[in-house]
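S.K.: For reference, the structure I am asking about is given below.
Numbering (this note's numbering), first residue to last: 6 to 129.
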């Protein structure tokens, strides 16, 4: 069953994923010693990269099933994490432990969002 979503649902998924990134940021700031305002920098950068990754990989347009969606999500987040780590070394002063916790929460939240969205029939 190919997943070829209309633009409105892709927009809705991007908004939900942005909210989930902010949730991951808030939880990370509670769990680690990093200030939430500092985590907002990471969150905004990751949201921009996530939207680019969705466009480049065609996550919701060309994926054939849930396995491909999860694989593309994991690969996209790993690439975003590598790029952000390089930026972190050069410009941004956020501890690496906080960014790894953030990306772990983000991966869990995005995976759960995809499972709930596609298995519940919300995309029909």
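Beta carbons: idealized from backbone N, C-alpha and C, even for Gly.
So, are the CB atoms of residue 107 and residue 29 less than 9 Å apart?
M.R.: Within the chain shown, residue 107 is the residue found at index 102, counting from 1. Within the chain shown, residue 29 is the residue found at index 24, counting from 1. It is a contact, given that the beta carbons lie within the stated cut-off.
S.K.: Distance check for residue 76 and residue 32, CA to CA, integer angstroms please.
M.R.: Start at 1 with the first residue of the chain shown, and residue 32 comes out as number 27. Start at 1 with the first residue of the chain shown, and residue 76 comes out as number 71. Near 25 Å, if we compare the C-alpha coordinates of residue 76 and residue 32.
S.K.: Return the residue from the list 104, 61, 125 that minimises the CA-CA distance to residue 47.
M.R.: Locating residue 47 in the chain shown gives position 42, counting from the first residue. Checked all of 104, 61, 125; the closest Cα to residue 47 is 104.
S.K.: I need the boundaries of the alpha helix (DSSP H) containing residue 48, first residue and last residue.
M.R.: By 1-based counting over the chain shown, the position of residue 48 is 43. Start and end: 41 to 62.
S.K.: Once DSSP output is grouped into helix, strand and coil, what is the label at residue 38?
M.R.: Indexing the chain shown from 1 puts residue 38 at position 33. Three-state DSSP puts residue 38 in coil, outside helix and strand.
S.K.: Would you kindly check if the distance between the Cβ of residue 85 and the Cβ of residue 39 is under 9 Å?
M.R.: For the purposes of this step, residue 39 is taken as residue 34 along the chain shown, with counting starting at 1. For the purposes of this step, residue 85 is taken as residue 80 along the chain shown, with counting starting at 1. No. Outside cutoff.
S.K.: In whole angstroms, what is the alpha-carbon distance linking residue 118 and residue 78?
M.R.: By one-based count along the chain shown, residue 118 stands at place 113. By one-based count along the chain shown, residue 78 stands at place 73. Distance between the alpha carbons of residue 118 and residue 78 is about 11 Å.
S.K.: Measuring CB atoms only, is the segment 61 to 70 touching the segment 93 to 100, in the sense that at least three cross pairs come out at less than 8 Å?
M.R.: No, they do not touch.
S.K.: Rounding to the nearest angstrom, what Cα-Cα distance links residue 122 and residue 16 in this structure?
M.R.: Your numbering for residue 122 matches position 117 in the chain shown. Your numbering for residue 16 matches position 11 in the chain shown. Near 13 Å, if we compare the C-alpha coordinates of residue 16 and residue 122.
S.K.: At the level of alpha carbons, what is the spacing between residue 10 and residue 83?
M.R.: Numbered from its first residue, the chain shown carries residue 10 at position 5. Numbered from its first residue, the chain shown carries residue 83 at position 78. Taking the straight line joining both Cα atoms gives about 24 Å.
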